[in-house]
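Take a look at the structure below.
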Amino acid sequence: MVSLESFGLVGDAGAVSTTTAPLAEVAASNSTLRAFLHGLPGVDRVGADARAAMLSTRSIKTTAKKQAIDLAIRMVDLTTLEGADTPGKVKAMCAKAVHPDPTDSSVPSVAAVCVYPDLVATAVQALGGSGVKVASVATAFPSGRSSLDVKVADTALAVAAGASEIDMVIDRGAFLAGDYLTVFEQIAAVKAACGSAHLKVILETGELSTYDNVRRASWLAMIAGADFIKTSTGKVSPAATLPVTLVMLEAVRDFLRTAGRKVGVKPAGGIRTTKDAIKYLVLVNETAGPDWLDPDWFRLGASSLLNDLLMQRQKMATGRYAGPDYFTLD
Amino acid sequence: MSERLAVRKTYKLFIGGAFPRSESGRSYVVNSSKGEFLANASKASRKDAREAVAAARKAFPGWSAATAYNRGQILYRVAEMLEGRRSQFVAELVDADGVGVRKAGELVDAAVDRLVWYAGWSDKIGAIRGSANPVAGPYFNLSSTEPTGVVAVVAPEAGPLLGLVSVIAPVIVTGNTCVVVASERAPLPSITLAEVLATSDLPGGVVNILTGSAAEIAPWLAGHMDVNAIDLTGADAELAVTCEEAAAENLKRVLRPPSAKVDWLADPGTERMTAFLETKTVWHPIGT
């Protein structure tokens with residue numbers, strides 16, 4: 001039986017003290033995983049909501065806002081995950097990812113584009129040596145309801161096509177049924193199939209019901225080898241929320257202290273305005289710390305957000321309110 | 331029994347069909363023509379103007395796609411609701427302009443008639459502005475009118491009700507949506523008109539009314555890249571120049587302030603409608 005104390009976990013608001021106990025052994029069986037995950041301190045739902053709400057009242061103006069906007073642009077994973085996606089649309093999106101505002105060369109490129117596996121090759125070709133990465137969803141996205149073989153093959157397909165980041169979905173059915181070992185093994189298998197590609201694990205927090213489950217799923221994904229944990233697919237409502245992201249940021253902070261490995265966070269879905277994006281940046285700074293304020297460690301999965309960031313940027317540069325007519329449609 | 335306390339109101343803005351306070355939290359005192367306290371009104375900021383433009387833009391696709399018949403019916407309905415509040419408008423005009431009760435009644439009646447008059451134009455303006463054009467080829471060549479888009483309106487300082495109705499009705503009857511900066515000195519009739527509009531089947535966001543300083547808000551609307559046209563009827567000479575310069579940046583349509591004092595009781599003509607219309611011409615091949 002793996003107890004909380006052996007990992008130095010204390011019940012003080014979820015803080016985890018520094019210790020380098022081998023986390024690998026918690027995955028020995030479903031019962032050890034269960035004991036560990038259920039031994040994590042519970043999340044104070046009211047407290048998390050209140051803290052997220054309090055942090056979102058910060059006023060970020062003028063030069064700080066300018067920096068925040070540019071940082072947010074650099075953190076965007078420009079996403080298109082529609083059944084109607086065509087190579088033409090992906091090429092257009094890639095052009096936008098490299099030069100978000102063609103009239104202003106001082107606008108930085110976004111972090112990555114995120115597409116379905118069959119369009120990875122198109123995106124890789126369109127992005128060339130621009131430095132913008134190609135992320136691909138995989139593993140029977142968005143439901144994750146298929147066999148492990150299919151999920152691994154899906155991942156291998158995307159990696160072979162040139163994806164440098166894989167966004168996998170966890171099996172929420174297995175997770176909610178308490179079959180943590182299955183989820184763990186699937187993540188580990190997909191991680192192995194990724195090779196050198198980064199693995200982002202989508203928890204789909206909108207289907208996990210409680211913040212306690214979000215914390216457990218975050219730890220489970222990180223122990224299994226995730227490089228990033230991501231809130232949602234964008235196909236389920238509610239998608240990313242501030243309190244859920246707060247819980248996940250606490251998890252990565254504590255995981256770094258416990259296991260000595262740094263994991264990134266990506267909220268995705270429902271982030272549409274510059275104001276929202278800046279709230280997330282404040283949350284990152286105040287929860288995980290400024291070390292995470294970098295596109296390597298924090299991403300914003302979004303599509304319409306980019307235009308709002310560009311409009312706000314233009315407003316700050318020209319002093320006049322910008323209109324959507326002057327930016328490309330996604 | 332003690333004397334009853336007066337209810338001292340602070341009126342709010344009208345944005346997207348709702349009545350929010352100014353984002354800035356500011357208000358200003360509205361006095362009658364004799365200098366007595368009437369009420370407080372919200373003093374809109376540039377951010378309220380931005381929200382109003384967003385609301386007007388959101389309302390535009392639905393309103394411009396509504397049938398002319400439907401838009402006309404809604405304007406008739408506004409006229410009916412305005413008529414129902416006749417006594418309130420009369421009292422407000424007496425306070426604001428210092429006119430007599432009889433004159434105020436005439437002005438309210440004229441405002442009702444003005445709405446009915448413009449309502450009738452909804453399905454007829456196409457007949458005088460559209461045309462079938464003779465062309466040197468086997469084509470039907472048809473020109474038809476389309477609304478310009480989101481129109482910013484600086485309402486006249488004089489004529490707080492009739493002037494206001496006379497600048498709003500021609501803009502919206504053809505399918506535009508608008509953001510109106512009401513008379514700064516006498517905003518109360520505009521707020522009551524907002525209450526009329528809110529209960530008249532007019533979709534939220536088609537008309538947005540801001541109270542406060544035109545000199546402060548109008549230049550932001552003139553410079554706003556998502557505003558398609560601006561009506562400077564209520565702008566003074568200095569403000570009009572500032573706004574025209576800002577409006578040039580994205581080639582807004584500009585309706586300049588009138589050169590002489592306007593008699594709002596006179597026949598308005600169709601100019602205010604046609605100022606905010608675009609012409610679409612279609613070439614259609616005939617036979618083989």
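Residue numbers (the numbering used here), protein chains in the order written: chain A, 1 to 330; chain B, 331 to 618. We put the CB at the ideal spot given by N, CA and C, even for glycine. Only a predicted model underlies this, so the values are computations on that prediction, with no experimental measurement involved.
| Item | Value |
| --- | --- |
| For W659/B: DSSP bridge partner residues | What is shown of chain B runs 331 to 618, which leaves residue 659/B out entirely. |
| A449/B vs G402/B beta-carbon contact at 7 Å | yes |
| Cross-strand partners of C573/B (DSSP beta bridge) | Beta-bridge pairing links C573/B to no other residue. |
| Enclosing alpha helix (DSSP H) for E525/B [first to last residue] | 518-528 |
| Within-7 Å CB hit, G8/A to chain B | Here G8/A scores only 42 on pLDDT, less than 50, and its place in the model should not be relied on; the value that follows carries that caveat. G8/A does not count as touching chain B. |
| Proximal chain A residues relative to R380/B, where beta-carbon distance stays under 8 Å | Y321 |
| Best match in Y399/B, R415/B, A570/B for proximity to A545/B [C-alpha to C-alpha] | A570/B |
| Nearest candidate by alpha-carbon position, reference T475/B, set A552/B, E608/B, V383/B | E608/B |
| Distance, P267/A Cα to D77/A Cα | 10 Å |
| Counted within 10 angstroms of its Cβ, other Cβ atoms place K433/B as buried (16 or more) or exposed | exposed |
| Residue burial classification, F255/A (beta-carbon count within 10 angstroms, cutoff 16) | buried |
| Cβ distance (whole Å) where T155/A is taken to contact V190/A below 8 Å | 5 Å |
| Short Cβ contact (7 Å threshold) for T620/B with N558/B | Past the edges of chain B, shown from 331 to 618, lies residue 620/B, and the structure says nothing about it. |
| Run of the beta strand (DSSP E) containing M168/A, from where it starts to where it stops | 165-169 |
| Cβ-based contacts, 9 Å cut-off: residues of the segment 573-596 of chain B near chain A | A576, E579, N580 |
| Own chain residues within Cβ distance below 8 Å of T273/A, not counting five before or after | L305, D308 |
| Spatial neighbours of V429/B in its chain, beta-carbon cut-off 8 Å, leaving aside the 5 residues before and after | L423, L437 |
| Paired residues, beta bridge with E608/B - DSSP | E476/B |
| Bridge partners - D77/A, DSSP secondary structure assignment | A112/A, G301/A |
| Proximal residues of chain A, C-beta to C-beta of D531/B below 8 Å | Result: empty, since nearest Cβ-Cβ is about 28 Å, beyond 8 Å. |
| Three-pair Cβ contact test at 8 Å for the segment 391-402 of chain B versus the segment 497-505 of chain B | yes |
| Where the segment 385-407 of chain B meets chain A: residues whose CB sits under 7 Å from a CB there | none |
| Euclidean distance between Cα positions of L281/A and T241/A | 13 Å |
| CB contact check: G355/B to chain A, cutoff 7 Å | no |
| Residues, ordered as in the chain, of the segment 529-554 of chain B that lie near chain A by beta-carbon distance below 8 Å | W550, G553, H554 |
| Sequence-distant residues of its chain with Cβ nearer than 7 Å to S146/A (five each side left out) | A140 |
| Where E333/B falls, given that 16 or more other Cβ within 10 Å makes a residue buried | exposed |
| Segment limits, alpha helix (DSSP H) that includes I502/B | 492-503 |
| Segment contact, 8 Å Cβ cut-off, at least three pairs: the segment 404-414 of chain B with the segment 519-532 of chain B | yes |
| L37/A, buried or exposed, once every other Cβ within 10 Å from all chains shown has been counted against 16 | buried |
| Interface positions of the segment 102-120 of chain A facing chain B (Cβ-Cβ less than 9 Å), listed along the chain | none |
| Beta-carbon gap between V120/A and G162/A smaller than 7 Å | yes |
| Whole-angstrom distance between P108/A and A374/B, CA atom to CA atom | 35 Å |
| Spatial distance of H554/B from G365/B (CA atoms) | 36 Å |
| Residues of its chain near A512/B, where Cβ-Cβ distance is below 6 Å and the 5 sequence neighbours each way are ignored | A485, S520, I539, T541 |
| T397/B to A457/B span [Cα, whole Å] | 15 Å |
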